[in-house]
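As structure tokens, the structure follows; a few thoughts come after it.
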Amino acid sequence: MKKREMEPSEIAQMARNFSVMVRVQGPDPKGLKMRRHAFHLHQSGNTTLSASGLLLPEGCLRDLHQTFEYITKIHHHSGALVITMASVVEPFLTAQHRDNPTKELLPKLIPDARIDVLVEEREEGRKCDSSGTTSCWLPSQLLAFVDVSTSSCAFMSLIGAHSGSHAQVSWEVGWSLAPVSNDPLTGIGAFQRQVGKDNRSSYDSHGNMSLDEPNSAAAMAMSATRIAVLGCSTGVFKDVLNIDASQPQNRGDMLLVMGSPFGLLSPLHFYNSISLGAIANLFPVGANRRSLLMADIRCLPGMEGAPAFDKYGCLAGILTRPLKQKGSSVEIQLVISWVAIATALSSQLQNKAHRSLVELTERSINSAQSASVYCSSNFRRSAEVLPRGSNFPSVSGSSLENALSSVVLVTVGDGAWASGIVLNKHGLVLTNAHILEPWRFGRTSLLGLMDKATRLSVEREKSFSQLHQKECQVERSSLLQSHLGSSEANRHESSPLNSSYRSYKKIAVRLDHMEQQIWHNARAVYVSKGPWDVALLQLESVPNELRPITTEFASPPTGSTIHVIGHGLLGPRSDILPSVSSGILANMVRIPGAGHLQKSSILGTEESQIPVMLQTTAAVHPGASGGAVVNSDGRMIGLVTSNARHGGGTIIPHLNFSIPCAALKPIFEFADKQDAFILQVLDDPNEIISSIWALQTPPSPTEKSLLEKNKREGKGTRFSQFLAEKQAEFTPLKDGGQLIRGKFPSRL
1416 MKKREMEPSE
1426 IAQMARNFSV
1436 MVRVQGPDPK
1446 GLKMRRHAFH
1456 LHQSGNTTLS
1466 ASGLLLPEGC
1476 LRDLHQTFEY
1486 ITKIHHHSGA
1496 LVITMASVVE
1506 PFLTAQHRDN
1516 PTKELLPKLI
1526 PDARIDVLVE
1536 EREEGRKCDS
1546 SGTTSCWLPS
1556 QLLAFVDVST
1566 SSCAFMSLIG
1576 AHSGSHAQVS
1586 WEVGWSLAPV
1596 SNDPLTGIGA
1606 FQRQVGKDNR
1616 SSYDSHGNMS
1626 LDEPNSAAAM
1636 AMSATRIAVL
1646 GCSTGVFKDV
1656 LNIDASQPQN
1666 RGDMLLVMGS
1676 PFGLLSPLHF
1686 YNSISLGAIA
1696 NLFPVGANRR
1706 SLLMADIRCL
1716 PGMEGAPAFD
1726 KYGCLAGILT
1736 RPLKQKGSSV
1746 EIQLVISWVA
1756 IATALSSQLQ
1766 NKAHRSLVEL
1776 TERSINSAQS
1786 ASVYCSSNFR
1796 RSAEVLPRGS
1806 NFPSVSGSSL
1816 ENALSSVVLV
1826 TVGDGAWASG
1836 IVLNKHGLVL
1846 TNAHILEPWR
1856 FGRTSLLGLM
1866 DKATRLSVER
1876 EKSFSQLHQK
1886 ECQVERSSLL
1896 QSHLGSSEAN
1906 RHESSPLNSS
1916 YRSYKKIAVR
1926 LDHMEQQIWH
1936 NARAVYVSKG
1946 PWDVALLQLE
1956 SVPNELRPIT
1966 TEFASPPTGS
1976 TIHVIGHGLL
1986 GPRSDILPSV
1996 SSGILANMVR
2006 IPGAGHLQKS
2016 SILGTEESQI
2026 PVMLQTTAAV
2036 HPGASGGAVV
2046 NSDGRMIGLV
2056 TSNARHGGGT
2066 IIPHLNFSIP
2076 CAALKPIFEF
2086 ADKQDAFILQ
2096 VLDDPNEIIS
2106 SIWALQTPPS
2116 PTEKSLLEKN
2126 KREGKGTRFS
2136 QFLAEKQAEF
2146 TPLKDGGQLI
2156 RGKFPSRL
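Under the numbering used here, the final residue of the sequence shown carries the number 2163; numbering is consecutive throughout.
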């Protein structure tokens, strides 16, 4: 039976049955255990950390995977399980077990450390909503750590580190307070070593985790995808609900996360808060079952471990700590899929767990001291199996799928990348002019438009803070040299445009069709010389399976739901498909219909005000330039061009600008008719449009008339007139009295 899509309020009500807050506390006289956590409490020599968790009462899952059966059997546990991120518990392990995370023997917490779980205790017979509930802390036992190897592999692929350790410098794990290094004095292992003695607890006072050792990418991936399994009693759980695991997700599908950000400050205020968003991307590319989800959602420290639910109220996975771009505030929220968690153990691990069970029968477990088992598995194992007994409805294809197939990845030279849009079956691709001629689009406004082309540095030894200063720049001198001196031949002769654009650096376009990625050489056939940041590329070899974008020229109403599709942040090294971010159409700038819009034969509109700029609230990052803004039907309404930055240089992802399709009608007309004359109107100068895209107030009619008059007269004429007037003013007169009576210009 097909499941019904639920409203967010319904999902939130259901989610309260499975969401908890995890608190871990223990002695920490030197204040070291808090240093990897942005939010903590340290007083009287004790440190307390908190995170969110997924509560699994007995019988709530129709099929409990063997992973958890082994864990509960080892510890003779019968009760509810809580799944959270291992990072909140690891600082309180004994030194012996911190230094040996793959040890088969059961690790233990340090003396006097304890774990508690905050759950909602409901009145019997009532559903778990915001009424009729009380919260209570339950003591919990640490049962196991599990490395979710398939998610670790996907994490490595995401940061582009699968090809070697030299690719590690651009990303780090977010929500950390201090860097991690190889300081042996702390007694903390490869994933937990901490340095320094700064006891500040401000979220922003330090950077995030920076792993610089040779295996840092692998360490970062494993640390970010390791989960902890806790056990607690079931006495307070009444009327347990069942929950299903989620079906495979699509980009753009809704996602709801329930967690407790900053829960230590006041559980009353922050316990089980809701974040609503959508799935931006899925990893690994091409896999039947995805082990890692990129979420377009706003989350805060303390929400790691929070359960994520899909539009049917099914369990999609748990939130992990975000991936953070070094040298910036950009974060990528990630969700470990439930399928990956449920199938994390290989047959080798099961054998190890079996041997551990034999060991445990020969000794008693001290219930006052929690124990755990690290589950080792092949880091590169890629098999993913859906738990047996699952009977899920099939999810219909997303309305975004066709639009997603129309958005391509464009690379220029060896480093810069952006996005592009397929316009027709002949291989014509629309993108931004600034990726080819970046010097024409500098910071020209009071807000400061971002330098829009993303540059992927090949200088691996530099820190990302240095690279980030150049990340959105392409050096003018090198591009000019390429523009003048490139000898690359263009063999495609089908375009009616001239060959004046043949000398740019090598251009390549990657097509993503049915999750197959194919690269094609391309050449620039048109670059606008007017105020519009647009360019056209022509594929040199045209494949059969091209999916041109479907357009919508009618002006969408402000407040409409929109999606931005592009290759922001993660470029060709990560091998991922275009990502989706969602928001609304926040504003639209219009001008009186004039210029090329009146000359275009496909205008077909009587609007007196023509849109020339769209402003959206969707997250746009470097690399998304040239991507598509689409409506809820998957029809393109705009071309992503730029976003704003603060005066200090910080990019504002949720304040971005796009060119409406109505303003690009000559482009689409050319794609249909192949008449180069149509594009000439885009090269006409237009002071109003130029000022709008510089985020400046357009000149008034009076100012415009004065400017046009001055332009006609010329600078030389006006300067000669000025000299003549001054000369007449000071000319000696025959009558000296008249000279005395004359008025000299005042200098006061």
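Positions of the beta carbon are idealized from the N, C-alpha and C atoms, including for glycine.
Note that the coordinates shown come from a computational prediction; the quantities given were computed from them, not determined experimentally.
query, result
"Coarse secondary structure for arginine 1855, derived from DSSP in three states", "helix"
"Residue closest to aspartate 1948, alpha-carbon to alpha-carbon, out of His1849, Cys1568, Thr1965", "His1849"
"Proximity to threonine 1549 [Cα-Cα], best of Leu1557, Leu1558, Glu1535, Val1561", "Glu1535"
"Beta-carbon proximity check, cysteine 1647 vs glycine 1494, cutoff 8 Å", "yes"
"Threonine 1463 - containing beta strand (DSSP E), residue span", "1461–1471"
"CB contact flag (serine 1706, aspartate 1990, <8 Å)", "no"
"Candidates Ile1426, Gln1662, Ala1559, Asp1443: closest to leucine 1496 by CA position", "Ala1559"
"Environment of glutamate 1719 [buried if 16+ CB atoms lie within 10 Å]", "buried"
"Per-residue burial, arginine 2176 [other beta carbons within 10 Å of its own, 16 or more giving buried]", "Given a span of 1416 to 2163 for the chain in the structure shown, any question on residue 2176 remains unanswerable."
"Helix, strand or coil at lysine 1726 according to DSSP, with G and I counted as helix", "coil"
"Inter-residue Cα distance where the pair is alanine 1466 and aspartate 2048", "38 Å"
"Sufficient close CB pairs (3 or more, under 8 Å) joining the segment 1953–1962 to the segment 1836–1849", "yes"
"Assigned secondary structure, cysteine 2076 (DSSP; H/G/I helix, E/B strand, else coil)", "helix"
"Integer Cβ distance of glycine 2042 from valine 1827, believed to fall under 8 Å", "Not a contact, Cβ separation roughly 16 Å."
"Rounded C-alpha distance that separates lysine 1417 from alanine 1723", "20 Å"
"From Leu1679, Leu1683, Leu1708, Ser1681, residue whose alpha carbon lies closest to that of leucine 1671", "Leu1708"
"Spatial distance of phenylalanine 2085 from arginine 1666 (CA atoms)", "31 Å"
"Contact set for glutamate 1852: own chain, Cβ-Cβ below 7 Å, skip 5 residues either direction", "Val1942"
"Burial state of lysine 2088, where buried means 16 or more other Cβ atoms lie within 10 Å", "exposed"
"Sub-8 Å separation of alanine 1710 and threonine 1482 beta-carbons", "no"
"For serine 1555, the residue or residues it bridges with in DSSP", "Ile1530"
"Where aspartate 2087 falls: helix, strand or coil (DSSP)", "helix"
"Residue from Leu2079, Leu1749, Ser2106, Ile1658 whose Cα sits closest to the Cα of leucine 1471", "Ile1658"
"Nearest-angstrom beta carbon gap, valine 1532 and leucine 1645 [assumed within contact, 8 Å]", "7 Å"
"For serine 2106, three-class secondary structure by DSSP", "helix"
"Contact the segment 1963–1973 vs the segment 1676–1686: 3+ CB pairs below 8 Å", "no"
"Simplified DSSP assignment, three categories, for lysine 1523", "strand"
"Phenylalanine 1433, buried or exposed, once every other Cβ within 10 Å from all chains shown has been counted against 16", "buried"
"Cut-off 6 Å between Cβ atoms - residues of its own chain near aspartate 1613, not counting five sequence neighbours on either side", "Bear in mind that the predicted position of aspartate 1613 carries a pLDDT of just 33, short of 50, making it unreliable; the figure below should be weighed with that in mind. Excluding positions up to five away in sequence, the list is empty."
"Nearest residue (CA-CA) to threonine 1640, options Leu1553, Trp1753, Lys1448", "Trp1753"
"Option nearest alanine 1632 by Cα separation, candidates Leu1734, Ala1569, Leu1656, Leu1557", "Ala1569"
"Residues that DSSP places opposite glutamine 1932 in a beta bridge", "Asp1927"
"Alpha carbon of isoleucine 1489 to alpha carbon of leucine 1838, nearest angstrom", "59 Å"
"CB-CB length for glycine 1474 against valine 1655, believed under 8 Å", "6 Å"
"Endpoints, the alpha helix (DSSP H) within which asparagine 1657 is located", "Where asparagine 1657 is concerned, there is no enclosing alpha helix (DSSP H), given that its DSSP letter is neither H nor E."
"Beta bridge counterpart(s) of lysine 1739 as assigned by DSSP", "Glu1587, Glu1746"
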